[in-house]
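Enquirer: In my numbering, each residue's number is its place in the sequence shown (first place is 1) plus 41. Encoded as structure tokens, here's the structure I'll be asking about.
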Amino acid sequence: MPLSLIILALSAFAIGTTEFVIMGLLPDVAADLGVSIPGAGWLVTGYALGVAIGAPFMALATSRLPRKAALIALMGVFIVGNLLCAVASDYNLLMFARVVTALCHGAFFGIGSVVAASLVPANRRASAVALMFTGLTLANVLGVPLGTALGQEYGWRSTFWAVTVIGVIALIGLIRFLPFRHDEEKLDMRAELAALKGAGIWLSLSMTVLFSASMFALFTYVAPLLGDVTGVSPRGVTWTLLLIGVGLTLGNIVGGKLADKRLGATLVGVFASMAVVSTVLSWTSVALIPAEITLFLWATAAFAAVPALQVNVVTFGKAAPNLVSTLNIGAFNLGNALGAWVGGTVIAQGLGLTRVPLAAAALAVLALIVTLITFSQGGKKAELAPATH
Numbered sequence: 042m043p044l045s046l047i048i049l050a051l052s053a054f055a056i057g058t059t060e061f062v063i064m065g066l067l068p069d070v071a072a073d074l075g076v077s078i079p080g081a082g083w084l085v086t087g088y089a090l091g092v093a094i095g096a097p098f099m100a101l102a103t104s105r106l107p108r109k110a111a112l113i114a115l116m117g118v119f120i121v122g123n124l125l126c127a128v129a130s131d132y133n134l135l136m137f138a139r140v141v142t143a144l145c146h147g148a149f150f151g152i153g154s155v156v157a158a159s160l161v162p163a164n165r166r167a168s169a170v171a172l173m174f175t176g177l178t179l180a181n182v183l184g185v186p187l188g189t190a191l192g193q194e195y196g197w198r199s200t201f202w203a204v205t206v207i208g209v210i211a212l213i214g215l216i217r218f219l220p221f222r223h224d225e226e227k228l229d230m231r232a233e234l235a236a237l238k239g240a241g242i243w244l245s246l247s248m249t250v251l252f253s254a255s256m257f258a259l260f261t262y263v264a265p266l267l268g269d270v271t272g273v274s275p276r277g278v279t280w281t282l283l284l285i286g287v288g289l290t291l292g293n294i295v296g297g298k299l300a301d302k303r304l305g306a307t308l309v310g311v312f313a314s315m316a317v318v319s320t321v322l323s324w325t326s327v328a329l330i331p332a333e334i335t336l337f338l339w340a341t342a343a344f345a346a347v348p349a350l351q352v353n354v355v356t357f358g359k360a361a362p363n364l365v366s367t368l369n370i371g372a373f374n375l376g377n378a379l380g381a382w383v384g385g386t387v388i389a390q391g392l393g394l395t396r397v398p399l400a401a402a403a404l405a406v407l408a409l410i411v412t413l414i415t416f417s418q419g420g421k422k423a424e425l426a427p428a429t430h
């Protein structure tokens, strides 16, 4: 296993942690900066919009650079952004810092996936890419609960200092161990843009947006839900986030195996499950054990969609793999922003935290409808077919 793959996984871990850990720290950030919970939730929206808007622009800006140089530059942006988060004195500066950090996210994963695949023989490329994204999974299992615990103990800024240090280590590793290749294909952005034809790719990206919106409408506000409704202590929130991380990991594994067999059925089943479990959580959130069980089932169901969504997008957009991988990450984060906004609006309108899971369920139903439309178009293959150069 090339050491450079481990460095890419470490980079993914750092990026994933800085994106998701804000959920566990939301009450602390809100209290420290004197803003409401929905106001703090906009920090999730700001980051996600930074990814969604910045991903294609950063991919274009770094397209002429060697991939190693591009990854080093993007990690540099990530470090600066987290450093600004750690020293942010007010809400506006923290929002700016989150957006700066987000700019590197989509392009790093898009370029990093291509680099990971190039480091191993052709028959091991999928495993290499999976290894890199293991860092993102570990960010949910370990990074978020540990970062939350650190922030609760020493202040939320300490978490961003820790992520900054991890980013510096990853940067040194990229400089030292990532090989420089002279045989790289130049990215033909014009050809890739021309390849984004057919309804299938846009329906697939819409599924990603709605899936992510459903997930983050709930995930963004899980800490205040647990604290104010379930009555969980801050330490208990950390353990619950760990439990959710285990569910996310299990769902990712199960979802990959199911998607290999029946892609459409897997997506339909996952979205239906998310809608049902999210609805159930609106009732079970008032009691500890039922809430914990429901959240574990919700996390497992949610991340079972991730491999299927990735395969789905690549299938419909196979003629534009570089751009599609970046656009799908952008779509995921556009959904993050939408979900955080929807959940925050529910709270701001005075409907209560227990109504947030119902909003998540409604978004899952919309994702289910788009999925049914996409996979019921058997007689319209010409409309949905992946474009070709």
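We put the beta carbon where it would ideally sit given N, CA and C, even for glycine.
Where do the ends of the alpha helix (DSSP H) carrying residue 126 lie?
Expert: Mapped onto the sequence shown, residue 126 falls at position 85. Residues 108-128.
Enquirer: According to the neighbour-count rule (16 or more other Cβ atoms, all chains shown, within 10 Å of its Cβ), is residue 133 buried or exposed?
Expert: Here residue 133 is taken as the residue at index 92 of the sequence shown, counted from 1. With fewer than 16 Cβ atoms within 10 Å of its Cβ, residue 133 is classed as exposed.
Enquirer: What is the DSSP secondary structure of residue 131, counted as helix, strand or coil?
Expert: Start at 1 with the first residue of the sequence shown, and residue 131 comes out as number 90. Coil, per DSSP.
Enquirer: For residue 398, which of 240, 170, 260 has the nearest alpha-carbon?
Expert: Taking the sequence shown and counting its residues from 1, one reaches residue 398 at position 357. Cα-wise, what sits closest to residue 398 is 260.
Enquirer: Using a Cβ-Cβ cutoff of less than 6 angstroms, which residues in the same chain neighbour residue 253 once the five nearest sequence positions on both sides are dropped?
Expert: Mapped onto the sequence shown, residue 253 falls at position 212. Closer than 6 angstroms at Cβ, skipping near neighbours: 373, 376, 377.
Enquirer: Can you give me the Cβ contacts of residue 344 inside the same chain, cut-off strictly under 6 angstroms, excluding the 5 residues immediately before and after it?
Expert: Looking up residue 344 in the sequence shown gives position 303. Cβ within range, chain order: 289, 292, 293.
Enquirer: Please report the residue range of the alpha helix (DSSP H) in which residue 59 lies.
Expert: Stepping through the sequence shown from its first residue, residue 59 is reached at position 18. 44-74 is the extent of the alpha helix (DSSP H) around residue 59.
Enquirer: By the three-class DSSP mapping on this structure, what secondary structure does residue 272 have?
Expert: Looking up residue 272 in the sequence shown gives position 231. Coil, per DSSP.
Enquirer: Per DSSP, what kind of secondary structure is residue 221 in: helix, strand or coil?
Expert: Locating residue 221 in the sequence shown gives position 180, counting from the first residue. Coil at residue 221, not helix or strand.
Enquirer: Could you say which of 416, 61, 155 lies nearest to residue 310 if we only look at CA atoms?
Expert: Taking the first residue of the sequence shown as position 1, residue 310 is located at position 269. Nearest of 416, 61, 155 to residue 310, Cα basis: 416.
Enquirer: Classify residue 324 as buried or exposed, calling it buried when 16 or more other Cβ atoms lie within 10 Å of its own Cβ.
Expert: Taking the sequence shown and counting its residues from 1, the one referred to as residue 324 is at position 283. Under this definition residue 324 is an exposed residue.
Enquirer: Tell me which residues share the same chain as residue 281 and place their Cβ nearer than 7 angstroms to its Cβ, disregarding the 5 neighbours each side in the sequence.
Expert: Numbered from its first residue, the sequence shown carries residue 281 at position 240. Contacts found: 267, 273, 333, 336.
Enquirer: Apart from the five residues on each side of it in sequence, which residues of its chain come closer than 6 angstroms, Cβ to Cβ, to residue 111?
Expert: To locate residue 111, count along the sequence shown from 1; it is residue 70. Result list for residue 111: 103, 152, in chain order.
Enquirer: Under 8 angstroms between the Cβ atoms of residue 262 and residue 87?
Expert: Taking the sequence shown and counting its residues from 1, the one referred to as residue 262 is at position 221. Taking the sequence shown and counting its residues from 1, the one referred to as residue 87 is at position 46. Contact flag unset, no.
Enquirer: Could you tell me the boundaries of the alpha helix (DSSP H) in which residue 162 lies?
Expert: In the sequence shown, residue 162 corresponds to position 121, counting from 1. Careful: residue 162 lies outside any alpha helix (DSSP H) and carries neither H nor E.
Enquirer: Between the segment 390-397 and the segment 237-254, do at least 3 Cβ pairs fall closer than 8 angstroms?
Expert: The segment 390-397 vs the segment 237-254: no contact.
Enquirer: May I ask you to report which of helix, strand or coil DSSP gives residue 417?
Expert: Numbered from its first residue, the sequence shown carries residue 417 at position 376. Residue 417 falls in the coil class under three-state DSSP.
Enquirer: Using a Cβ-Cβ cutoff of less than 8 angstroms, which residues in the same chain neighbour residue 327 once the five nearest sequence positions on both sides are dropped?
Expert: Here the question's residue 327 lines up with position 286 in the sequence shown. For residue 327, where only same-chain residues beyond five positions count, the Cβ hits under 8 angstroms are 270, 271, 395.
Enquirer: On a CA-only basis, which of 182, 58, 106 is nearest residue 207? Give me that one, please.
Expert: Here residue 207 corresponds to residue number 166 of the sequence shown, with the count starting at 1. Checking every option, the nearest Cα to that of residue 207 belongs to 58.
Enquirer: Just to check my reading of the structure: residue 400 and residue 411 have Cβ atoms closer than 8 angstroms, yes? What is that Cβ distance to the nearest angstrom?
Expert: Start at 1 with the first residue of the sequence shown, and residue 400 comes out as number 359. Start at 1 with the first residue of the sequence shown, and residue 411 comes out as number 370. Not quite, the Cβ-Cβ distance comes to about 17 angstroms (not below 8 angstroms), so this is no contact.
Enquirer: Give me the Cα-Cα distance between residue 424 and residue 304, rounded to the nearest whole angstrom.
Expert: The residue given as residue 424 occupies position 383 in the sequence shown. The residue given as residue 304 occupies position 263 in the sequence shown. Any answer about residue 424 is weak, because its pLDDT of 44 lies below 50 and its placement is not dependable; what the coordinates show is given next. Near 19 angstroms, if we compare the C-alpha coordinates of residue 304 and residue 424.
Enquirer: Tell me whether the segment 58-69 and the segment 173-193 touch, counting them as touching only if at least three CB pairs, one residue from each stretch, are closer than 8 angstroms.
Expert: Contact between the segment 58-69 and the segment 173-193 is present, because at least three Cβ pairs lie under 8 angstroms.
Enquirer: Closest to residue 218 by C-alpha separation, out of 100, 48, 115, 106, would be which residue?
Expert: One-based indexing of the sequence shown puts residue 218 at position 177. Taking only the C-alpha atoms, the option nearest residue 218 is 48.
Enquirer: Alpha carbon to alpha carbon, how far is residue 316 from residue 329? Give it in angstroms, no decimals.
Expert: Here residue 329 refers to the residue found at position 288 of the sequence shown. Here residue 316 refers to the residue found at position 275 of the sequence shown. Distance between the alpha carbons of residue 329 and residue 316 is about 21 angstroms.
Enquirer: Taking the alpha carbon of residue 285 as the reference point, which residue from 46, 62, 51 has its own alpha carbon closest?
Expert: The residue labelled residue 285 in the question sits at position 244 within the sequence shown. Residue 62 is the option with its Cα nearest to residue 285.
Enquirer: Using a Cβ distance threshold of 8 angstroms, determine whether the segment 93-108 contacts the segment 144-159, with at least three qualifying pairs required.
Expert: The segment 93-108 is in contact with the segment 144-159.
Enquirer: Tell me which same chain residues have a C-beta within less than 6 angstroms of the C-beta of residue 138, skipping the five on either side of it?
Expert: For this step, residue 138 is matched to residue 97 along the sequence shown. 122, 125, 126, 129.
Enquirer: So, helix, strand or coil for residue 104, using DSSP?
Expert: In the sequence shown, counting from the first residue as 1, residue 104 sits at position 63. Here residue 104 sits in coil by DSSP.
Enquirer: Kindly indicate which three-state DSSP category residue 411 falls into: helix, strand or coil?
Expert: The sequence position of residue 411 within the sequence shown is 370, counting from 1. Here residue 411 sits in helix by DSSP.
Enquirer: Does the separation of the CB atoms of residue 257 and residue 85 fall below 8 angstroms?
Expert: What you label residue 257 is simply residue 216 of the sequence shown in a count that begins at 1. What you label residue 85 is simply residue 44 of the sequence shown in a count that begins at 1. A contact, by the Cβ cut-off of 8 angstroms.
Enquirer: Could you round the C-beta distance between residue 95 and residue 144 to whole angstroms and report it? I think they count as a contact, below 8 angstroms.
Expert: Residue numbering aside, residue 95 sits at position 54 when the sequence shown is read from its first letter. Residue numbering aside, residue 144 sits at position 103 when the sequence shown is read from its first letter. That pair is a contact at about 4 angstroms.
Enquirer: Would residue 51 and residue 214 qualify as a contact pair, given that the criterion is a beta-carbon distance under 8 angstroms?
Expert: On the sequence shown, position 10 is the one that residue 51 refers to. On the sequence shown, position 173 is the one that residue 214 refers to. In contact: residue 51 and residue 214 (Cβ atoms closer than 8 angstroms).
Enquirer: Hey, residue 349 and residue 300: beta-carbon distance below 8 angstroms or not?
Expert: Taking the sequence shown and counting its residues from 1, one reaches residue 349 at position 308. Taking the sequence shown and counting its residues from 1, one reaches residue 300 at position 259. It is a contact, given that the beta carbons lie within the stated cut-off.
Enquirer: Just to confirm my understanding: we take residue 186, look at its own chain, exclude 5 residues before and 5 after, and list those with CB closer than 8 angstroms. What are they?
Expert: Position 145 of the sequence shown, counted from the first residue, corresponds to residue 186. Around residue 186: 65, 279, 280, 282, 283, 286.
Enquirer: Taking the alpha carbon of residue 341 as the reference point, which residue from 314, 331, 320 has its own alpha carbon closest?
Expert: Sequence index remark: in the sequence shown, residue 341 carries index 300 (1-based). Selected option, being the one with the closest Cα: 314.
Enquirer: Which two residues bound the contiguous alpha helix (DSSP H) that contains residue 327?
Expert: If you number the sequence shown from 1, residue 327 lands on position 286. First-last for residue 327: undefined, no H or E at that position.
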